[in-house]
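Report on the structure given below.
In the numbering used here, the protein residues as written are 205 to 300.
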């Protein structure tokens, strides 16, 4: 893995993340991302061919509880704590 981190890439990442970085922040982030990618390339060099792939680290079949609908007695108290609501629904900011 050899990805060159430059200002063009960082501006693209800023756009995807909907961020606006100051030039000083951008320079620091470029260095941090480069260090992370260098470390990942180091990990990529490790020979793991003798190990079997794992899809989950837990090999046991876990006994999960069944989902059961339960009545909550203090609904009005909980709704009163909502910072912004419409009727009994919690209003949250839109996610883009």
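Note that beta-carbon positions come from the ideal geometry of N, C-alpha and C, so glycine has one too.
When DSSP states are grouped into helix, strand and coil, residue 211 belongs to the helix group. Per DSSP, reduced to three states, the secondary structure at residue 290 is strand. If you look at residue 237, you'll find it in the alpha helix (DSSP H) that goes 227-248.
Leaving aside the five residues that flank residue 220 on each side, none in its chain has a CB nearer than 8 angstroms to its CB. Per DSSP, reduced to three states, the secondary structure at residue 278 is coil, with no helix or strand assignment.
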